[in-house]
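Protein sequences, first through last, are from chains Y and B. Anchor point for the first sequence: position 109 equals 109 in this note's numbering, and the numbering is continuous, going up by one each time. Take any residue in the second sequence, count from 1 to its spot, add 158: that is its number in this note's numbering.
There are 2 protein chains.
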Amino acid sequence: MAGSIDPLALDNQLCFALYAANRAVTGRYRALLDELGLTYPQYLVMLVLWEAVQQEQVMTVSSLGQRLRLDSGTLTPLLKRLEARGLLQRRRAASDERVVQLALTPEGQAMRQQAQHVPVQLFCDSGLPLGDLVQLREQLKGLLRRLESDCPSAESPA
Amino acid sequence: MAGSIDPLALDNQLCFALYAANRAVTGRYRALLDELGLTYPQYLVMLVLWEAVQQEQVMTVSSLGQRLRLDSGTLTPLLKRLEARGLLQRRRAASDERVVQLALTPEGQAMRQQAQHVPVQLFCDSGLPLGDLVQLREQLKGLLRRLESDCPSAESPA
DNA sequence: ACAAATTGAATTGTGCGCAATTAATATGGT
DNA sequence: ACCATATTAATTGCGCACAATTCAATTTGT
Chain Y
1 MAGSIDPLAL DNQLCFALYA ANRAVTGRYR ALLDELGLTY PQYLVMLVLW
51 EAVQQEQVMT VSSLGQRLRL DSGTLTPLLK RLEARGLLQR RRAASDERVV
101 QLALTPEGQA MRQQAQHVPV QLFCDSGLPL GDLVQLREQL KGLLRRLESD
151 CPSAESPA
Chain B
159 MAGSIDPLAL DNQLCFALYA ANRAVTGRYR ALLDELGLTY PQYLVMLVLW
209 EAVQQEQVMT VSSLGQRLRL DSGTLTPLLK RLEARGLLQR RRAASDERVV
259 QLALTPEGQA MRQQAQHVPV QLFCDSGLPL GDLVQLREQL KGLLRRLESD
309 CPSAESPA
């Protein structure tokens, strides 16, 4: 009665474990982020913009997209909502009118303090040792790197 | 120059590693599932229904939702699309008119053969040892279990 | 200098996820 | 039998994700 080796069994799928765990984590964030008035993807955007402030970097839609692996189809409307909420400003760069630069407002920067407890709370919710979570995170990063590099089995010859 | 310990740094977030890895894996599935005419969530539904056939179980919208952690708001339109494609039938149970039973058509059952290579291909794409993937899967399941059980830090006293 | 190619963002359209509401059916207590 | 309550799907509305297209601004090649 050990684990079946059926390659199509749901319980054997890494992809489903990933899919389900991701939604469970996102769900845990939802209640916490509700207090900030942010959705989960908006929170990730704010994390990147807070980092950029600290490093005195100017983020653009494309650099944000590279960091989060999201395209303008996702980011443009999301950023417009954050702008409408008064958390950031979008403006065209003078040097290149194609690029849209993102600048946090004072309110957007101040929210960083309110967010400090969010990852801490999630760590507590997980109930797992920090070492386990770090290991899991690094394994996921490794998987991501593998999938983002062109894999041998991907290309088909002309 | 080792890893920062800023709790808000994006690279320190397990949640982002999970989010990014999940989308990368889903993206890899997309091209393969395109050949079957399935989206990734539709593929997961088919996995469950193929299992149910083998075990001679009758799946309903709610039992499917329990397995995949999805509600009727997601499943109802998805199932209607699969029905429109001729892969399954939805019908009210005679014993309880509230429940909708799901039955694969012969075409839906036959697709299982076409899908056999999908997880195999993904395994190859990952380029990682099977043992690593199994360990990662089990860690994700553990995290999921933790988050689904009511955690001590969740409830607020009246 | 000018045509062609490239780049950056926005737009459009489809399909999830999920909260909240609604409607129909079933169940349990009296 | 009657009624309040539970349960099961469906519906509605919003916000992602992502493919495909469009458009303007810029860069490249000659």
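We put the CB at the ideal spot given by N, CA and C, even for glycine.
Which residue's Cα is closest to the Cα of residue i: the options?
i: Y/GLN57; options: Y/ASP125, Y/ALA103 and Y/VAL45; result: Y/ALA103
i: B/ARG227; options: B/VAL206, B/ASP164 and B/GLY161; result: B/VAL206
i: B/VAL203; options: B/LEU305, B/ALA189 and B/SER230; result: B/SER230
i: B/PRO264; options: B/LEU245, B/LEU280 and B/GLN213; result: B/LEU245
i: Y/GLN55; options: B/SER307, B/ALA189, B/THR232 and B/ALA167; result: B/ALA167
i: Y/LEU75; options: Y/ALA94, Y/TYR40, Y/GLU97 and Y/SER95; result: Y/TYR40
Determine, using beta carbons only, whether residue i and residue j come nearer to each other than 8 Å.
i: Y/GLN42; j: Y/LEU64; result: no
i: Y/PRO207; j: B/GLN171; result: Residue 207 of chain Y lies beyond the range of chain Y shown here (1 to 158); nothing can be said about it.
i: B/ASP283; j: B/ARG186; result: yes
i: B/ALA175; j: Y/LEU140; result: yes
i: Y/ALA52; j: B/LEU301; result: no
i: B/GLN267; j: B/LEU190; result: no
i: B/ARG295; j: B/TRP208; result: no
Is there at least one Cβ from chain B nearer than 8 Å to residue i's Cβ?
i: Y/VAL58; result: no
i: Y/VAL25; result: yes
i: Y/SER153; result: Bear in mind that a pLDDT of 44 at Y/SER153, under 50, signals an unreliable position, so the number given afterwards is only what the model happens to contain. So yes, Y/SER153 belongs to the interface.
i: Y/PRO157; result: Only weak support is given to the placement of Y/PRO157: the predicted model assigns it a pLDDT of 37, under 50, and the value that follows is read from those uncertain coordinates. So no, Y/PRO157 is outside the interface.
i: Y/ALA110; result: no
i: Y/VAL120; result: yes
i: Y/ARG137; result: yes
i: Y/PRO106; result: no
i: Y/GLU35; result: no
i: Y/LEU14; result: yes
i: Y/GLN55; result: no
i: Y/GLN116; result: yes
i: Y/PRO7; result: yes
i: Y/ALA94; result: no
i: Y/LEU130; result: no
i: Y/LEU10; result: yes
i: Y/LEU38; result: no
i: Y/LEU144; result: yes
i: Y/LYS80; result: no
i: Y/LEU147; result: yes
Could you give the C-beta distance for residue i and residue j, rounded to a whole number, given that I count them as a contact under 8 Å?
i: Y/LEU36; j: Y/GLN114; result: 6 Å
Would you tell me roughly how many angstroms separate the C-alpha atoms of residue i and residue j, rounded to the nearest one?
i: B/CYS317; j: Y/VAL25; result: Because chain B here runs from 159 to 316, residue 317 of chain B falls outside it and cannot be looked at.
i: B/LEU240; j: Y/TYR19; result: 20 Å
i: Y/VAL134; j: Y/LEU128; result: 10 Å
i: Y/VAL100; j: B/GLY289; result: 45 Å
i: B/GLU148; j: Y/ASP96; result: Any answer about residue 148 of chain B is impossible in this case: the structure gives chain B only from 159 up to 316.
i: Y/PRO152; j: Y/ARG67; result: In this prediction, Y/PRO152 has a pLDDT of 42, which is less than 50 and means its spatial position is unreliable; what the coordinates show is noted afterwards. If I take the Cα positions, the gap works out to 25 Å.
i: B/ASP192; j: B/ARG256; result: 34 Å
i: Y/MET59; j: B/GLN247; result: 50 Å
i: B/ARG249; j: Y/ILE5; result: 32 Å
i: Y/ARG30; j: B/GLY161; result: 27 Å
i: B/ARG303; j: B/SER220; result: 20 Å
i: Y/ALA93; j: Y/LYS80; result: 17 Å
i: Y/ARG164; j: B/ARG243; result: Look at the range of chain Y in this structure, 1 to 158, and you will see that residue 164 of chain Y is not part of it.
i: Y/ASP11; j: B/ASP169; result: 29 Å
i: Y/PHE123; j: B/PHE281; result: 30 Å
Kindly say whether residue i, judged by its beta-carbon, lies nearer than 8 Å to any beta-carbon of chain Y.
i: B/ASP283; result: yes
i: B/ARG188; result: no
i: B/ARG256; result: no
i: B/GLN259; result: no
i: B/VAL206; result: yes
i: B/PRO235; result: no
i: B/GLU241; result: no
i: B/ALA210; result: no
i: B/LEU245; result: no
i: B/LEU176; result: yes
i: B/LEU202; result: yes
i: B/LEU248; result: Inspection of the sequence shows that residue 248 of chain B is occupied by Arg rather than by Leu. No, no contact with chain Y.
i: B/LEU222; result: no
I want to check one thing, is the minimum distance from the CB of residue i to the heavy atoms of the ligand FMN below 7 Å?
i: Y/LEU36; result: Of ligands this structure carries none, so the ligand FMN is not represented either.
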